[in-house]
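Worksheet for the structure shown next.
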Amino acid sequence: MTDDILRMRGITKTFPGVKALQDVNLSVRRGEIHAICGENGAGKSTLMKVLSGVYPHGSYDGEISFDGDPCRFSDIRDSEHRGIVIIHQELALCPQLSIAENIFLGNERASRGLIDWNRTNHEAGELLRRVGLRENPVTPVADIGVGKQQLVEIAKALSKKVRLLILDEPTAALNDEDSAHLLDLLRGLREQGITCVIISHKLNEIAAIADSISILRDGRMIETLDMKADQVTEDRIIAGMVGRDLEHRFPPHEPNIGEEALRIEDWTVHSPTQRGRAVVSGANLTLRRGEIVGLAGLMGAGRTELAMSVFGRSYGTGISGRVYRDGRLVEIRSVRDAIRHGIAYATEDRKRYGLNLIEDIKRNVSAAELSKLARRGWINENEEYRVADEFRKSMNIKAPSVLSVTGKLSGGNQQKVVLSKWIFTDADVLILDEPTRGIDVGAKYEIYSIINRLADEGKAVLVISSELPELLGLCDRIYALSAGRVTGEVSREDATQERLMHYMTKGQE
Amino acid sequence: MSSISPANADVAPGGKDTGPVRPPGRTSVFGISFNVRQSGIYIAFALIVVLFSVLTDGALLQPQNISNIIVQNSYILILSIGMILIIIAGHIDLSVGSVVAVTGAIAAVLMVNYGIPWPLALLITLVAGGVIGAWQGFWIAYYGIPAFIVTLAGMLLFRALTLTVLGNQGIGPFPDPVRTLANGFTDGYLGNIGLGPLGGADLFSLLLGIVAVAGMAAAQWRTRAARLRYHQSVDPLPLFLLKIVAGAVVVIAVVVQLARFKNLPWVLVLLAFLVLGYSLLTSRAVFGRRIYAIGGNLQAAVLSGVKVKSVVFWIFVNMGVLAALAGVIFAGRLNQAGPTAGNAFELDAIAAAFIGGAAVQGGVGKVVGAITGGLIMGVINNGMSLIGAPSERVMLVKGAVLLAAVAFDVWTKRRAGTAGQ
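Those sequence lines, one after another, are chains A and B.
Numbering follows my numbering, in which position 356 of the first sequence is assigned residue number 870; successive positions increment by one, without gaps.
Numbering follows my numbering, in which position 9 of the second sequence is assigned residue number 95; successive positions increment by one, without gaps.
Structure representation (structure tokens):
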């Protein structure tokens, strides 16, 4: 029972001013799938970076032994040489290169300095078969979806004779179908004797796939559970992660639904890159004041595209349809028009599209509605400070002051800054795209509370989410989107995961 | 897996809520907390001035030499004001040297060949600069060609235009008022005043300096008072006063030296207004804030309702106008518009901006920083020529300073843990 392939003992890693890991022990048995859970900032990624040599030996305290031998990796090549391969959350592929070129990047099939293309493509083909990806090895990576790119990463790991595969949030960007395929693949790898360490926020996946699970909290290892022996449930994992029992993952909420706030009729959007392809076709949606409405859909169903096209035509071409605000037909041609009509859109990827990460909280909060703080083009910076500081308090943004740079905040606090920014525009309709993605459990609860509060203030909220339990727990009504069409609408009472999934997959080939 | 950079470390390896209360990038010396990244440049400037004062046995700070440094670098400083806005927005302008040449040529043709009154000719030249900026701004903002390419093309186009206009020869001389603006000094309206051992000095210049210092101090005081009313943290009073006094001493010292020589150079007065105006624009105006937003995160700016195209267009128009102003002053100083005018000015202006603390990725930078960066290079040029260093060594030192400044910037950012975002 103690055939451990990996042992980490007393790992302590400090960053200036912060102990990221404190005396962490981790044992991984040979051939198992070992999940590592913890809130954001708990130290999961740091631990994996220590293991894979991203943080070289000497920059941390503690011992690592792999297969019984002590390891002192000075960089990532060292660890890969031993068969430890890490796949990061943000995929490290070159989009313009082919699948085969990516697989053998840095590890080229070459003889006498020249690349042997036949061997490269042939071996790539075999690896693709092993991961169940039916694509031509010469296809550029940019031409395949994120789910398939993830498989290419795994094929790349296999090409390096991987023995311990580390996956950091592998399904974060995948839809349910691709996630399921990936998890199947990991089971297959387990049968081939490859040990996996998987970091994930998706507890249902962990419950489904992991053999054991280690829980980190605040840089310390809390416990390691054997999934079969310990009868581990999702609530059990959450309790370990947050250090307290979360009786409810969603704050209670009594909706008080009023007049119609936004109506979208016959909304059709075409892809800007592929001519003539409708990304959204004939969609009809209604949001009422005080109502939280969900928008469910698989990846590629057109949820974000729908939201962004409504938000001042930020996405798409050939947009047609009608938008009514408070019952009046309005014309929204730009983001400014949208803001003027009281519509806000908090983006899915807050780092890339939502925040100016090098600026402070204050300047991010005011960014979408500077005119409220300015007279004749000159900003009243003291007012700006006061407004931002009020948001810092009311939204519970954890930062020393509003002069803190947003790039250094945690995901949950960044999201609160984004929400503050849009609340400051006095929007009556808030479209929140994946508002809790990459946010830890405790902060999610806070975001849900904020959303409830917004609804109580009479705002209409549209929540786009890939996590069905979130929609079920939060929304008063849920629309399902499939291949660009609204395929169903269910009320809170009638909504179940199965029913939504049925609508979400309707009409797909 | 080479794409994994340790600098891009964990977003927040825990404990971000319990971290030190001091904002990032600040260091404490003798209990006084200050921002290394922003203050470093001024400290470096002070050290360079001290170094060359010693090396030149004080010749660097002689009245006439200070005047020379200002007049000789005025056009680079003007260009660097426009350049810093462009760099903050995440763009670049390689064409300013050629624009200086072509606008100088236009001014010369208008004033010398056509005998148009100089104020009108100056106005037309500035408009021409604006049109040139609009041309480049159009391709960059509305057509979507990278500024590097558009302005590289502009560098060739406007040099070609200069040669066409001038027919490969210089045009001059310029009317007196233009030469005065470029090279001349304020009149001694109020006569001289004795300063004891320092000898006589121009009273008007001194008064102007005192008024400027008093104005700045009053403005700082009002800002501080307003912040206190809003319960914001401010520098403790002794530090605040120390900063004001230090600033005042430097300004007054420079003014006294200039007053002892030949009064204030007109370009210095012009520069003072430009620096003041553009500093306010970048720090207090909505338009200025938009520039930082665009450079900091273009996508987020678009989705926050910033009219990105229009802002980018106008900062290039602005650059064109400032380049035209620099063009007239440069031509006025040489008293002729020549075909090689403004050669490599773009490089000096860009270097000034980066030495002055602008970030290569955009989103960061200050007008005063760019001016200081320009002055650092000016002092190096001047100081080294005073000690008789050959030009290749001057170039060597300037290159090293540029590299060191940007390396320092990258280093402080990496230490603060925000690099590579």
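All C-beta atoms in this analysis are idealised placements derived from N, C-alpha and C, irrespective of residue type, glycine included.
Practice task
Consult DSSP for residue 311 of chain B and reduce its assignment to one of helix, strand or coil.
Solution key: helix
Exercise for the section: Quick one: which residues of the segment 843-857 of chain A get their C-beta closer than 7 Å to a C-beta of chain B? List them in chain order. Expected result: 849, 850 and 853
Exercise for the section: Please decide whether residue 677 of chain A counts as near chain B, where near means a Cβ-Cβ distance under 7 Å. Expected result: no
Problem - residue 602 of chain A in three-state terms, based on DSSP - result: coil
Practice task
Name the two residues that bound the continuous beta strand (DSSP E) containing residue 777 of chain A.
Solution key: Its beta strand (DSSP E) spans residues 774-784.
Handout entry: Where residue 847 of chain A falls, given that 16 or more other Cβ within 10 Å makes a residue buried
Key = exposed
Practice task
Express the C-alpha separation of residue 357 of chain B and residue 790 of chain A in angstroms, rounding to a whole number.
Solution key: 55 Å
Exercise for the section: Please confirm if residue 574 of chain A has its CB atom under 7 Å from at least one CB of chain B. Expected result: no
Handout entry: 7 Å Cβ shell around residue 365 of chain B - same chain, five flanking residues per side excluded
Key = 453 and 454
Practice task
Could you check the C-alpha separation between residue 869 of chain A and residue 330 of chain B for me, to the nearest Å?
Solution key: 35 Å
Practice task
May I ask you to list, following chain order, the residues of the segment 389-401 of chain B that have a beta carbon less than 9 Å from some beta carbon of chain A?
Solution key: 389, 390, 391, 392 and 393
Handout entry: Beta-carbon contacts of residue 786 of chain A that lie in its chain and below 8 Å, excluding the five residues immediately before and after
Key = 829, 830 and 831
Exercise for the section: Please classify residue 246 of chain B: is it buried, with 16 or more other beta-carbons within 10 angstroms of its beta-carbon, or exposed? Expected result: Classification for residue 246 of chain B: exposed.
Problem - Three-state secondary structure (DSSP) of residue 1030 of chain A - result: Look at the range of chain A in this structure, 515 to 1023, and you will see that residue 1030 of chain A is not part of it.
Exercise for the section: Below 6 Å CB to CB, which residues in the same chain sit around residue 569 of chain A once its five sequence neighbours on both sides are set aside? Expected result: 563
Problem - CA-to-CA distance, residue 377 of chain B to residue 780 of chain A, given in whole angstroms - result: 38 Å
Practice task
List the endpoints of the continuous alpha helix (DSSP H) containing residue 412 of chain B.
Solution key: 394-420
Problem - 9 Å Cβ cut-off: residues of chain A touching residue 306 of chain B - result: Under the 9 Å cutoff, chain A gives no residues; its nearest Cβ is about 14 Å from residue 306 of chain B.
Exercise for the section: Work out the CA separation of residue 874 of chain A and residue 341 of chain B for me, nearest whole Å. Expected result: Roughly 37 Å separates the two Cα atoms.
Practice task
May I have the straight-line CA-CA distance separating residue 522 of chain A from residue 897 of chain A, to the nearest angstrom?
Solution key: 52 Å
Practice task
Step through the CB atoms of chain A and report whether any lies within less than 7 Å of the CB of residue 444 of chain B.
Solution key: Answer no: the Cβ-Cβ gap between residue 444 of chain B and chain A never drops below 7 Å.
Exercise for the section: With distances taken Cα to Cα, identify the nearest neighbour of residue 537 of chain A among A:726, A:544, A:545 and A:526. Expected result: A:526
Practice task
Please report the residue range of the beta strand (DSSP E) in which residue 549 of chain A lies.
Solution key: 547-551 is the extent of the beta strand (DSSP E) around residue 549 of chain A.
Practice task
Take the Cβ of residue 232 of chain B as the centre, count every other Cβ of all protein chains shown within 10 Å, and call the residue buried at 16 or more, exposed below.
Solution key: exposed
Exercise for the section: Evaluate the contact criterion for the segment 848-860 of chain A versus the segment 940-951 of chain A: three or more CB pairs, one atom per stretch, below 8 Å. Expected result: Segments in contact, yes.
Exercise for the section: Answer with yes or no whether the minimum CB distance from residue 517 of chain A to chain B is below 7 Å. Expected result: no
Handout entry: Three-state class that DSSP yields for residue 536 of chain A in the structure shown
Key = strand
Exercise for the section: For residue 449 of chain B, return the contacting residues in chain A, with the cut-off set at a CB-CB distance below 8 Å. Expected result: 870, 872 and 873
Handout entry: Inter-stretch contact (C-beta, 8 Å, three-pair minimum) for the segment 885-895 of chain A and the segment 368-386 of chain B
Key = yes
Handout entry: Contacts that residue 717 of chain A makes with chain B (C-beta to C-beta distance below 9 Å)
Key = Those within 9 Å of residue 717 of chain A in chain B number zero; the least Cβ separation is about 20 Å.
Problem - Straight-line Cα distance separating residue 677 of chain A from residue 799 of chain A - result: 50 Å
Handout entry: Cα-Cα separation, residue 574 of chain A to residue 923 of chain A
Key = 24 Å
Handout entry: Straight-line Cα distance separating residue 326 of chain B from residue 927 of chain A
Key = 33 Å
Handout entry: Enclosing alpha helix (DSSP H) for residue 338 of chain B [first to last residue]
Key = 323-347
Problem - For residue 834 of chain A: DSSP bridge partner residues - result: Partner(s): A:782.
Practice task
May I ask you to report which of helix, strand or coil DSSP gives residue 280 of chain B?
Solution key: strand
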